[in-house]
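Asks: Residue numbers (this note's numbering): 20 to 528. One structure, as structure tokens, below. Some questions next.
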Ligand code: MSP
């Protein structure tokens with residue numbers, strides 16, 4: 020249990036193709052990873068959180084040509100754009116990995132040579148349909164009316180001599196790995212992978228003879244490494260695999276990859292096989308989340324329907340967007356992105372349930388106790404205290420299972436119960452009747468539960484959580500707290516002054 024013992028967590032997102040600009044779908048995955056990273060840092064684990072860009076794709080070259088820019092210049096400016104966008108959106112990654120960096124090339128060379136030494140690479144004449152959009156070969160049966168079902172374009176017929184990786188050799192090990200309960204989640208997607216393997220694995224082409232953009236194959240410099248073989252290795256580059264960095268020892272065995280369902284197969288079949296071949300262990304977990312659609316349609320540049328997370332954040336605040344995307348859809352499921360639903364949640368869950376709770380609570384402390392947290396007699400156990408104690412463990416369990424939406428639901432039930440507590444205890448009547456001891460007790464409980472709420476929501480809404488913390492009188496930032504001590508009932512210091520500030524979720528015009 021990581022609440023009781025410090026653990027290491029290596030948390031990654033896919034590295035994104037840079038022909039496109041960051042949209043809400045990319046933001047979704049990066050946010051989910053950020054939330055997990057923040058939670059584990061908060062409870063005292065050591066976290067390394069990595070995101071980055073996949074730059075050796077043919078799509079990069081095509082986009083650079085289209086823009087009339089030198090591809091190197093193009094990759095530099097697009098990678099910068101992605102990194103800056105994530106920073107602007109308060110994503111707390113520790114390292115930004117780029118596949119055109121020299122360190123990455125060294126990692127790819129190192130791993131590929133190991134696979135070759137193992138006898139897992141061989142040369143063969145190959146022909147097939149290749150979709151540049153997907154960056155993969157498609158089988159005849161995958162085509163719909165001769166086109167790629169995802170990109171709706173006719174793939175290229177490629178015939179060349181390639182180097183192949185003996186994926187088929189790893190069938191049994193992959194089956195065992197996937198049968199391990201926790202490796203690939205959710206179960207429905209894991210079962211699809213098991214079915215896929217049971218139909219028999221084919222060896223895969225891992226180099227291209229005609230493509231010039233990419234990392235030269237270390238065993239035959241006339242070819243370049245297939246972009247997926249190259250891209251997956253980013254997860255090792257970020258840990259300094261190329262020069263045996265200490266981080267490899269500390270973090271690799273604790274790797275958690277969050278990816279979209281579209282690339283789950285690459286991560287649960289091809290990637291572990293590559294690692295096993297190179298003498299490394301597979302990642303600890305891969306989670307394949309669902310997709311956003313816009314009015315039922317795929318988000319794409321060509322359809323012009325991509326939602327810009329920066330623009331959304333400017334209007335609603337980044338925390339509200341984070342809350343919405345994680346609350347609205349159970350992680351793993353698909354859903355339409357609806358601005359109407361976003362506004363409903365903004366007003367209902369955020370402004371009314373949470374914002375208003377803080378506001379009315381502070382007002383009572385100011386009005387009845389001169390803005391000072393009262394000194395209570397805490398010998399009586401309340402439901403608020405009991406439920407907060409339970410929630411600490413429920414939340415931990417939810418994170419373990421990637422149940423973000425259900426976790427938020429439980430936290431919001433708790434928030435609603437504090438509102439109910441106020442309505443039942445009626446502090447205004449206690450004040451009128453001068454029942455001072457009881458009033459101290461009730462006001463303290465309300466403020467203590469707000470402190471706990473701030474800690475609970477911190478990973479999802481870090482700025483909001485710190486605002487609550489400041490307003491209830493804390494001088495510390497949540498990042499510097501000892502979580503288990505801070506969530507304990509009684510942790511709120513009596514006699515501190517509250518510090519009422521701006522409302523948490525202002526009305527959206
Ligand atoms: N470059 C590869 C990944 C290599 S990882 C070693 C790639 N890049 S991508 O830019 O196409 O983005 C991949 C990820 O972005 C998806 O796996 C998914 O996590 C996220 N999403 C892209 N569009 C999305 C939606 N419409 N909805 C939710 N997530 C989406 O594939």
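We put the beta carbon where it would ideally sit given N, CA and C, even for glycine.
Based on the DSSP secondary-structure assignment, which residues constitute the bridge partners of residue 408?
Replies: Its beta-bridge partners do not exist; DSSP assigns none.
Asks: Quick check on the DSSP output: what are the complete alpha helix (DSSP H) runs of length 4 or more inside the stretch 304-380, in order along the chain?
Replies: Within the stretch 304-380, the complete alpha helix (DSSP H) runs of at least 4 residues are 328-335, 337-347, 358-364.
Asks: Shortest alpha-carbon distance to residue 71 belongs to which of 164, 206, 454, 48?
Replies: With distances taken between Cα atoms, residue 71 lies closest to 48.
Asks: What's the call for residue 497, buried or exposed, on a 16-neighbour Cβ count within 10 Å?
Replies: Flag for residue 497 reads buried.
Asks: With which residues is residue 391 paired in a DSSP beta bridge?
Replies: In DSSP, residue 391 forms a bridge with 516.
Asks: Taking only the alpha-carbon atoms, compute the straight-line gap between residue 30 and residue 314 and give it to the nearest angstrom.
Replies: Computed Cα separation, rounded: 31 angstroms.
Asks: Measuring straight from C-alpha to C-alpha, what distance separates residue 369 and residue 353?
Replies: Cα to Cα, residue 369 sits roughly 23 angstroms from residue 353.
Asks: May I ask you to report which of helix, strand or coil DSSP gives residue 446?
Replies: Residue state, collapsed to three classes: helix.
Asks: Buried or exposed: which applies to residue 75, given that a residue is buried once 16 or more other Cβ atoms fall within 10 Å of its Cβ?
Replies: Looking at its Cβ environment, which holds 16 or more other Cβ atoms inside 10 Å, residue 75 is buried.
Asks: Can you find the residues in the same chain that come closer than 6 angstroms, C-beta to C-beta, to residue 269, ignoring five residues on each side of it along the sequence?
Replies: Once the five neighbours on either side are set aside, the close Cβ partners of residue 269 are 27.
Asks: I'd like the list of long-range same chain contacts for residue 20, defined as Cβ closer than 6 angstroms, with 5 residues on each side in sequence excluded.
Replies: In this predicted model, residue 20 has a pLDDT of only 44, less than 50, meaning its place in the structure is not dependable enough to derive any value.
Asks: How far does the alpha helix (DSSP H) with residue 256 in it reach, from first residue to last?
Replies: Counting along the chain, the alpha helix (DSSP H) containing residue 256 begins and ends at 253-256.
Asks: Is residue 183 near the ligand MSP - that is, is its Cβ less than 7 angstroms away from at least one heavy atom of it?
Replies: Not so, every heavy atom of the ligand MSP lies at least 7 angstroms from the Cβ.
Asks: With C-beta atoms as the reference, is residue 68 less than 8 angstroms away from residue 112?
Replies: Yes.
Asks: Using the Cα positions of residue 456 and residue 396, report the straight-line distance between them to the nearest angstrom.
Replies: Roughly 8 angstroms between the two C-alpha positions.
Asks: Let me know the secondary structure DSSP gives residue 300 once reduced to three states.
Replies: In the structure shown, residue 300 sits in coil (DSSP, three-state: anything other than H, G, I, E or B).
Asks: Just mark residue 176 as buried or exposed, buried being the case when its beta carbon has 16 or more other beta carbons within 10 Å.
Replies: By the 10 Å Cβ count, residue 176 comes out exposed.
Asks: Kindly confirm or deny that the stretch 156-166 and the stretch 114-128 touch, where touching means at least three C-beta pairs closer than 8 angstroms.
Replies: Not touching, per the Cβ criterion.
Asks: Here's the rule I'm using: 16 or more other beta-carbon atoms within 10 Å means buried, otherwise exposed. How should residue 344 be labelled?
Replies: Buried, because 16 or more other Cβ atoms sit within 10 Å of the Cβ of residue 344.
Asks: In chain order, what residues of the same chain lie with their CB nearer than 6 angstroms to the CB of residue 461, ignoring the 5 residues before and after it?
Replies: Correct list, in chain order: 444, 446.
Asks: Report the residue from 326, 54, 208 whose alpha carbon sits nearest the alpha carbon of residue 281.
Replies: Nearest option by C-alpha distance: 208.
Asks: What would DSSP say about residue 281, mapped onto helix, strand or coil?
Replies: The answer is helix: DSSP assigns residue 281 an H, G or I state.
Asks: Indicate whether the contact test is met: 3 or more Cβ pairs, each with one atom in the stretch 130-149 and one in the stretch 178-194, closer than 8 angstroms.
Replies: At 8 angstroms Cβ cutoff, the stretches touch.
Asks: Given a cut-off of 8 angstroms, decide if residue 212 and residue 287 are closer than it, judged by their beta-carbon atoms.
Replies: Cβ atoms of residue 287 and residue 212: closer than 8 angstroms.
Asks: Take the Cβ of residue 431 as the centre, count every other Cβ of all protein chains shown within 10 Å, and call the residue buried at 16 or more, exposed below.
Replies: Buried, since its Cβ has 16 or more Cβ neighbours within 10 Å.
Asks: Classify residue 467 as buried or exposed, calling it buried when 16 or more other Cβ atoms lie within 10 Å of its own Cβ.
Replies: It is buried - the Cβ of residue 467 has at least 16 other Cβ atoms within 10 Å.
Asks: Check whether the Cβ atoms of residue 487 and residue 471 lie closer than 8 angstroms to each other.
Replies: Their beta carbons are not under 8 angstroms apart, which means residue 487 does not touch residue 471 by this criterion.
Asks: Within 10 angstroms of the Cβ of residue 244, are there 16 or more other Cβ atoms? Answer buried if so, exposed if not.
Replies: Answer is buried; the Cβ neighbour count reaches 16.
Asks: Assess contact between the stretch 336-350 and the stretch 421-429, defined as three or more Cβ pairs (one per stretch) separated by less than 8 angstroms. Is contact present?
Replies: Enough Cβ pairs lie closer than 8 angstroms, so yes.
Asks: In whole angstroms, what separates the C-alpha of residue 322 from that of residue 150?
Replies: Their Cα atoms are separated by approximately 19 angstroms.
Asks: What residue does the alpha helix (DSSP H) around residue 268 start on, and which one ends it?
Replies: First-last of the alpha helix (DSSP H) with residue 268: 265-270.
Asks: According to DSSP, residue 155 sits in a beta bridge with which residue or residues?
Replies: Answer by DSSP bridge pairing, in chain order: 150.
Asks: Can you find the residues in the same chain that come closer than 6 angstroms, C-beta to C-beta, to residue 418, ignoring five residues on each side of it along the sequence?
Replies: Here the set comprises 58.
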